[in-house]
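Data first, discussion second: the structure below is written as structure tokens.
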Amino acid sequence: MKKNNIVNAVIVAVAGFVMVTGSIVAYESQENNNNLTTAGVFNYTSADYASSGTVQAVEDTVTVADANVVTTAARNTYGYNNLGMSNVSDKLNVRADASTDSDIVGVMPGDAACEIIEQNGDWYHIKSGDVEGYCLGEYIVTGEEALNKADEAVANKATVNCDSLIMRDAPTTEGGVVETISHGEKVTVVEQLDGWVKVVDDNKEGYCSADYVTVGEELATASSKEASNGGDSVVSNALQYVGGRYVWGGESLKSGVDCSGFTMKIYEQYGIYLPHSADAQKSYGTRVASLSEAQPGDLVFYGSGGYASHVGIYMGDGQLVHASSARTGIKVSNASYRTPIAIRRLL
Numbered sequence: 025m026k027k028n029n030i031v032n033a034v035i036v037a038v039a040g041f042v043m044v045t046g047s048i049v050a051y052e053s054q055e056n057n058n059n060l061t062t063a064g065v066f067n068y069t070s071a072d073y074a075s076s077g078t079v080q081a082v083e084d085t086v087t088v089a090d091a092n093v094v095t096t097a098a099r100n101t102y103g104y105n106n107l108g109m110s111n112v113s114d115k116l117n118v119r120a121d122a123s124t125d126s127d128i129v130g131v132m133p134g135d136a137a138c139e140i141i142e143q144n145g146d147w148y149h150i151k152s153g154d155v156e157g158y159c160l161g162e163y164i165v166t167g168e169e170a171l172n173k174a175d176e177a178v179a180n181k182a183t184v185n186c187d188s189l190i191m192r193d194a195p196t197t198e199g200g201v202v203e204t205i206s207h208g209e210k211v212t213v214v215e216q217l218d219g220w221v222k223v224v225d226d227n228k229e230g231y232c233s234a235d236y237v238t239v240g241e242e243l244a245t246a247s248s249k250e251a252s253n254g255g256d257s258v259v260s261n262a263l264q265y266v267g268g269r270y271v272w273g274g275e276s277l278k279s280g281v282d283c284s285g286f287t288m289k290i291y292e293q294y295g296i297y298l299p300h301s302a303d304a305q306k307s308y309g310t311r312v313a314s315l316s317e318a319q320p321g322d323l324v325f326y327g328s329g330g331y332a333s334h335v336g337i338y339m340g341d342g343q344l345v346h347a348s349s350a351r352t353g354i355k356v357s358n359a360s361y362r363t364p365i366a367i368r369r370l371l
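Next up, the structure:
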């Protein structure tokens, strides 16, 4: 049986391609070695056990198609065979096809991991989490650079394994409730204590019982987005938060938002990143002349003197869903309850 593992490797450029040479040792199983290869697909010199039990060299030259490939053994590839990492400060769109005209099917945050399936011109065909699609290659790093970035970006995550879990403000069942986290949600671990895990979620810090979470190292991945979603999808999404809390300056759909925080977080799920200000949001998208021409998903702004002090999402049929006030929370209103000063279409 062939047993192989690269221990020391030297990359040498020869006539336009890359040669990798180095010393080889045998492992107890070939499966061990499969987990140590990193970005790229390549063959390499190996060592075979002869029938006599002695080690016999197999003279295969390694030719690497991608000069970024890393051949250093014992690097943690975090479960990826061909690791890529998003190299953006904010978000990277994942598209259905290798074109900027194609639908957005997902969004990768900065320093998120993906499996590179193949290269298609300037694009990478990738899979990140449950999202599969195409990203421009200039925003993805591979090889040793990807591994280094992954080592810096990996974080301990706690995954909730019960129906819902209370985050408390102290590591005791007598602690106050910060928020409730749903089954399958992941929160970042700050510290592991005796029977409790200190976590942070949407800038809210608290403690969860260690009995109801699974803790492990994870890299961020893409979140999915419906292709060709349209305004109806935005409205359906927004309506699920009706009854939620209004919090001045809030940016969490779970624990509280204000009017512009609500529209910002809803549209963020569709790859559209708005500032946390109603008046600033008024400059995004395209102008809609009047409420009679508004379509589901349009942003409707209210205020005076050209300054927008409030914003909501038009539902159609003259209705608006918005984070109204601390007293009423997220609710549905008549879109004409005040006179709009602007309407903008983002989709």
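The numbers in our numbering rise by one with no breaks, and the one at position 172 of the sequence shown is 196.
Built from N, CA and C at the ideal position, the CB exists for glycine as well.
A quick note: this is a predicted structure, and the numbers were derived from the prediction, not measured.
Check: Distance CB(A347)-CB(C283) smaller than 8 Å; Outcome: yes
Check: Alpha-carbon to alpha-carbon, K289 and E229; Outcome: 19 Å
Check: Pair within 8 Å by beta-carbon distance, R119 and V129; Outcome: yes
Check: Whole-number beta carbon distance between Y231 and R192, since they are thought to touch under 8 Å; Outcome: 5 Å
Check: Reduced DSSP secondary structure (H/G/I, E/B, other) of C232; Outcome: strand
Check: Touch test, the segment 216-225 against the segment 195-203, Cβ-Cβ under 8 Å, three pairs minimum; Outcome: yes
Check: Cβ distance (whole Å) where T287 is taken to contact I337 below 8 Å; Outcome: 6 Å
Check: Closest by C-alpha distance to I365, when choosing among V184, L116, Y331, K355; Outcome: Y331
Check: Candidates K278, G208, I190: closest to G200 by CA position; Outcome: I190
Check: Beta bridge counterpart(s) of R311 as assigned by DSSP; Outcome: R368
Check: Reference V259, options A174, G340, L243, D125, closest by Cα; Outcome: G340
Check: Residue span of the beta strand (DSSP E) that contains C138, given as start and end; Outcome: 137-144
Check: Cβ neighbours of T363 in the same chain (closer than 7 Å, five flanking residues each side left out); Outcome: none
Check: C-beta atoms of L277 and Q305 nearer than 8 Å; Outcome: no
Check: Ordered list of beta strand (DSSP E) runs contained in the segment 139-212, each at least 3 residues; Outcome: 147-152, 155-160, 164-166, 179-184, 188-192, 201-206
Check: Span separating the alpha-carbon of T204 from that of G145; Outcome: 45 Å
Check: CB of H207 within 8 Å of CB of V239, strictly; Outcome: no
Check: Within the segment 322-363, ranges of the beta strand (DSSP E) (whole runs, at least 3 residues); Outcome: 323-328, 331-340, 343-349, 353-358
Check: CB of A313 within 8 Å of CB of H334, strictly; Outcome: no
Check: For E139 and Y326, the rounded distance between their alpha carbons; Outcome: 45 Å
Check: Distance CB(A182)-CB(V213) smaller than 8 Å; Outcome: yes
Check: V356 versus G273: straight-line alpha-carbon distance, rounded; Outcome: 20 Å
Check: Integer Cβ distance of V266 from V345, believed to fall under 8 Å; Outcome: 7 Å
Check: Proximity winner among A179, G255, A122, G254, relative to E374 (alpha-carbon distances); Outcome: Here the chain has residues from 25 to 371 only, and residue 374 is not among them.
Check: Reference A179, options R369, Y294, D225, E242, closest by Cα; Outcome: E242
Check: Own chain partners of Q319 with C-beta closer than 8 Å, once the 5 adjacent residues on each side are dropped; Outcome: G255, V312, Y338, G340, R369
Check: Residue burial classification, A350 (beta-carbon count within 10 angstroms, cutoff 16); Outcome: exposed
Check: Paired residues, beta bridge with K132 - DSSP; Outcome: Here the sequence assigns Met to residue 132, which means Lys is not the residue at that position. BP columns for M132 point to L116.
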